[in-house]
Amino acid sequence: MGSVKYLEQQVTPSKIVCVGRNYAEHIQELNNEVPEEMVLFVKPNSAISETLLSSLQEPLHYEAELCFMVKAGRFEAVGVGLDLTKRQLQSRLKAKGLPWERAKSFDGAALFSEFVPFDGDLDSLSFNLVVDAEVRQQGDVALMLNRPEAMFVEIASFMTLDDGDILMTGTPKGVGQIVKGERFTLELYQGEKQLVSQSWVAQ
Numbered sequence: 006m007g008s009v010k011y012l013e014q015q016v017t018p019s020k021i022v023c024v025g026r027n028y029a030e031h032i033q034e035l036n037n038e039v040p041e042e043m044v045l046f047v048k049p050n051s052a053i054s055e056t057l058l059s060s061l062q063e064p065l066h067y068e069a070e071l072c073f074m075v076k077a078g079r080f081e082a083v084g085v086g087l088d089l090t091k092r093q094l095q096s097r098l099k100a101k102g103l104p105w106e107r108a109k110s111f112d113g114a115a116l117f118s119e120f121v122p123f124d125g126d127l128d129s130l131s132f133n134l135v136v137d138a139e140v141r142q143q144g145d146v147a148l149m150l151n152r153p154e155a156m157f158v159e160i161a162s163f164m165t166l167d168d169g170d171i172l173m174t175g176t177p178k179g180v181g182q183i184v185k186g187e188r189f190t191l192e193l194y195q196g197e198k199q200l201v202s203q204s205w206v207a208q
């Protein structure tokens with residue numbers, strides 16, 4: 006079972022709920038339409054990995070995201086993660102009006118930093134993705150089309166969020182293909198204070 010680190014312990018989420026098309030500039034870079042309602046999909050526990058793959062049947066693309074862990078019906082902790090995508094496959098599936106799971110929910114499709122306790126102002130959270138010393142993505146709550154609180158309410162209206170479940174809140178512009186040997190570093194900030202930094206080398 007896939008697990009993530011929180012308060013020096015390993016937590017096993019039952020699922021990862023992801024919000025798609027939540028940053029306007031990312032929607033534009035993929036030539037998608039702005040959705041009329043929240044775009045949601047689920048990654049299973051088996052998608053969680055500690056290894057950053059660059060290819061799996063086809064080249065993989067990275068999407069850096071702000072993430073929350075649920076406990077007792079609220080956001081208990083915050084972290085950052087990578088949503089890996091088979092972009093060629095996803096494009097074919099979207100063109101046919103088919104679900105995305107084959108392109109988004111495969112084994113190894115979700116990587117996470119450690120999670121840290123959070124009880125503060127959501128607007129103070131921001132994150133960066135640095136690849137080989139180049140900043141590729143930058144995001145924060147103010148840029149989101151749907152705020153985390155609204156995501157929680159929408160998801161909980163039809164799906165139980167169990168303790169340890171993770172919410173991935175969407176990716177800002179700057180997504181791209183993973184190249185073997187590149188070093189990916191995700192940095193999470195609350196205001197000027199760095200909360201988390203996590204690195205992987207693409208395999």
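Counting in the numbering used here, the sequence shown runs from 6 upward without gaps.
Glycine residues also receive a C-beta, built at the ideal position from the N, C-alpha and C atoms.
Endpoints, alpha helix (DSSP H) assigned at residue i
i	result
F157	P153 to A161
K109	E106 to K109
Assigned secondary structure, residue i (DSSP; H/G/I helix, E/B strand, else coil)
i	result
V180	coil
G143	Per the sequence shown, the amino acid found at residue 143 is Gln instead of Gly. In this structure, Q143 counts as strand in the three-state DSSP scheme.
L58	coil
L193	strand
D170	coil
Q208	coil
L94	helix
S8	coil
A82	strand
D124	coil
A209	A question about residue 209 goes unanswered here, because the residues of the chain that appear run from 6 up to 208.
L45	strand
L150	coil
N50	helix
S129	helix
G175	coil
Minimum C-alpha distance to residue i - residue among the options
i	options	result
F157	K198, K76 and V140	K76
Q195	C23, K178, G84 and M43	G84
E159	P18, V44 and T17	V44
G25	L172, F120 and S204	L172
M164	Q14, K20 and S8	K20
T90	Q203, T176, F123 and V206	T176
E106	G186, A52 and M74	A52
D168	V9, M74 and Q15	M74
D88	L166, R79, L134 and A82	L134
E81	E41, P122 and L166	P122
Q143	D170, K48 and L71	L71
G186	S8, D170 and D137	D137
D170	S54, E13, V47 and F111	V47
L116	L166, P49 and Q14	P49
A108	S60, E139 and S131	S60
Expected contact under 8 Å - CB spacing of residue i and residue j to nearest Å
i	j	result
L58	S118	Wrong, their Cβ atoms sit about 17 Å apart, outside the cutoff.
T56	Q208	6 Å
L103	E63	Actually they are not in contact, since the Cβ atoms of L103 and E63 sit about 17 Å apart, beyond 8 Å.
R188	S204	6 Å
Boundaries (first-last residue) of the beta strand (DSSP E) holding residue i
i	result
K101	From DSSP, K101 is part of no beta strand (DSSP E); its letter is neither H nor E.
K185	Element bounds for K185: n/a, residue is neither H nor E.
A115	A115 to F117
Exercise. Do the segment 94–109 and the segment 136–155 meet, that is, are 3 or more Cβ pairs less than 8 Å apart?
Worked result: no
For this session: Decide yes or no for the touch test of the segment 120–129 against the segment 181–189: beta carbon pairs closer than 8 Å, at least 3 of them.
Result: no
Problem set entry | Meets three-Cβ-pair contact criterion under 8 Å: the segment 199–206 and the segment 63–75 | no
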